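In our numbering, the protein residues as written are 477 to 787.
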Amino acid sequence: MSRGVEVSAPSRLHFGLVNPHGVAPYRLYGSAGVAVKSPRVVVEVYPSDRFELPPVLEEGEKAALASVLRGRGVRGIRAVVREVPPRHAGFGTTTQLLLSIAVGALRLHGIEYSPLDLAWELGRGRVSSIGVYSFMRGGFIVDAGRGRSTRIAPLAVRLEFPEEWRFVLILPRGTGLSGEEEEKAMKTPKFYEVARVHEAAWLLHYGLVPAVIERDPSTFAEALGRLQELVGGFFQEEQGGLFNPASAKVVEHLEKLGVRGYGQSSWGPLIYVFAESEDRAREIADSVSRLGEFRVCVTGADNRGALVREV
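In structure tokens form, the structure reads like this:
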């Protein structure tokens, strides 16, 4: 048994749900996103005769994690969080954190596992599987949504995201929906034109996907921007507009700059802005930073997924 195991997992940006309320006869949900190099979840897992889990986890999450690990033969661990993005802000932190600790514990004890089964047991991937596949493989990801017998949505597309492309990440103060509020928003019946679901699917599969394949930043930005308008509209009543209200000022600023290809990750308030190069990303980041109200960073895509090593 090694002294300890370190797991370093990318955050993920979520581009939205194509069919969030089940317009018949199509598959429910369906989503896209990309793993990014920073910020990251970095945890270290060490042997212990009991479960010593970090305070960043909620009590229910600690209980679920310990239960899953006990069921796989682990009697205790000490988990230390070295880096963690804000929770419930749009980074997908909960999925990355739970999977990182669980994978570290199982690797520490030499226990084989299926990442998809592990994620399901931990309660992840119930709606979107972008976070799960970001952990497993990184890159640009499209899942196939849920059918009648689906557990975690199957992987439909996984592509290497161009190394030169960048995202500017802008984090206002505040949090997005989570827990019971999120469940209520997802279950609230909605009635809207089927054409909106059709357009969202078209933008995803005939806009974003080929733009990544052909390294076409202009088409990627245009398709991403329009997709964000559509998927934001699906939940504008629950979150008070197309974007989280905490993001209103930065969205207004981006509009004045004439930026295309920006959106909100999940329930926000994290805003991401696509840029075709490091220089362009720095220009946007500098402009937003001058507002003096937001945490801003520039990052690229992570095409590897979680890294696991002995420490």
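Backbone N, C-alpha and C fix where the C-beta goes; we use that ideal spot for every residue, glycine too. Note that this is a predicted model, so its numbers are computed, not measured.
Query raised in the report: Measuring CA to CA, which of Ile553, Glu534, Ala508, Tyr502 is closest to Arg526?
Result: For the purposes of this step, residue 526 is identified with residue 50 of the sequence shown, where counting begins at 1. If we check each option's Cα against that of Arg526, Ile553 comes out closest.
Query raised in the report: Which residues in the same chain have their Cβ closer than 8 Å to the Cβ of Val673, if we skip the five residues on either side of it in sequence?
Result: Locating residue 673 in the sequence shown gives position 197, where the first residue counts as 1. So the list reads Val494, Asn495, Val499, Tyr502, once near-sequence residues are dropped.
Query - Buried versus exposed, by CB contacts within 10 Å (16 or more), Tyr682 - result: Counted from its first residue, the sequence shown places residue 682 at position 206. Tyr682 should be labelled exposed.
**Report entry** Distance between Val774 and Leu598 (C-alpha atoms, nearest Å)
**Finding:** Position 122 of the sequence shown, counted from the start, is the residue given in the question as residue 598. Position 298 of the sequence shown, counted from the start, is the residue given in the question as residue 774. The alpha-carbon atoms of Leu598 and Val774 are separated by roughly 31 Å.
Query raised in the report: Based on the DSSP secondary-structure assignment, which residues constitute the bridge partners of Val518?
Result: Here residue 518 corresponds to residue number 42 of the sequence shown, with the count starting at 1. DSSP, once it has assigned bridges, lists Ser484, Glu559 as partnering Val518.
Query raised in the report: Just how far apart, CA to CA, sit Ala581 and Gly717?
Result: The residue given as residue 581 occupies position 105 in the sequence shown. The residue given as residue 717 occupies position 241 in the sequence shown. Spanning the two alpha carbons is a distance of roughly 41 Å.
Report task. Could you spell out where the alpha helix (DSSP H) holding Thr695 opens and where it closes? Result -> In the sequence shown, residue 695 corresponds to position 219, counting from 1. Counting along the chain, the alpha helix (DSSP H) containing Thr695 begins and ends at 693-710.
Query raised in the report: Are the region 727-739 and the region 754-764 in contact at 8 Å, needing three or more beta carbon pairs?
Result: yes
Query raised in the report: Who are the near neighbours of Val772 in its chain, counting only those whose CB is closer than 6 Å to its CB and skipping five residues on each side?
Result: Counting from one through the sequence shown, the residue named residue 772 turns up at place 296. Cβ neighbours of Val772 beyond the five flanking positions: Ile646, Ala761, Val764, Ser765.
Query raised in the report: Distance, Cα to Cα, Met477 vs Arg642?
Result: As a working note, residue 477 is residue 1 in the sequence shown. As a working note, residue 642 is residue 166 in the sequence shown. For Met477, the predicted structure reports a pLDDT of 48, less than 50, and the residue's modelled location is therefore unreliable. The matter cannot be settled from this model.
Query raised in the report: With distances taken from CA atoms, which of Ala555, Pro745, Gly506 is nearest Gly623?
Result: For the purposes of this step, residue 623 is taken as residue 147 along the sequence shown, with counting starting at 1. Of the residues Ala555, Pro745, Gly506, the one whose Cα lies closest to the Cα of Gly623 is Gly506.
Query - Straight-line gap, Ala542 to Gln715 (C-alpha atoms, nearest Å) - result: Against the sequence shown, residue 542 aligns to sequence position 66. Against the sequence shown, residue 715 aligns to sequence position 239. Taking the straight line joining both Cα atoms gives about 33 Å.
**Report entry** C-beta atoms of Gly509 and Glu639 nearer than 8 Å
**Finding:** Along the sequence shown, one-based indexing puts residue 509 at 33. Along the sequence shown, one-based indexing puts residue 639 at 163. No, Cβ-Cβ distance for Gly509 and Glu639 is not below 8 Å.
Query - DSSP state of Tyr738 mapped onto helix, strand, coil - result: Translated into the one-based positions of the sequence shown, residue 738 becomes position 262. Residue state, collapsed to three classes: strand.
Report task. Measure the beta-carbon distance from Val512 to Val787 and round it to whole angstroms, keeping in mind my assumption that it falls under 8 Å. Result -> Here residue 512 refers to the residue found at position 36 of the sequence shown. Here residue 787 refers to the residue found at position 311 of the sequence shown. Between Val787 and Val512 the Cβ distance is about 24 Å, and since that is not below 8 Å, they are no contact.
Query raised in the report: Should Glu520 go down as buried or exposed, given a rule of 16 or more other Cβ atoms within 10 Å for buried?
Result: Start at 1 with the first residue of the sequence shown, and residue 520 comes out as number 44. Per the 10 Å Cβ criterion, buried.
Query raised in the report: What whole-angstrom Cβ distance do Ser487 and Gly615 have, given they're in contact under 8 Å?
Result: The residue given as residue 487 occupies position 11 in the sequence shown. The residue given as residue 615 occupies position 139 in the sequence shown. Going by Cβ atoms, the distance from Ser487 to Gly615 rounds to 14 Å, so no, they are not a contact pair.
Query raised in the report: Under a three-way DSSP split, which group does Thr775 fall into?
Result: Here residue 775 refers to the residue found at position 299 of the sequence shown. Three-state DSSP puts Thr775 in a strand.
Report task. Compare the C-alpha of Phe611 against each of Ile747, Phe719, Leu489 and name the closest. Result -> In the sequence shown, the residue the question calls residue 611 occupies position 135. Closest by alpha carbon: Leu489.
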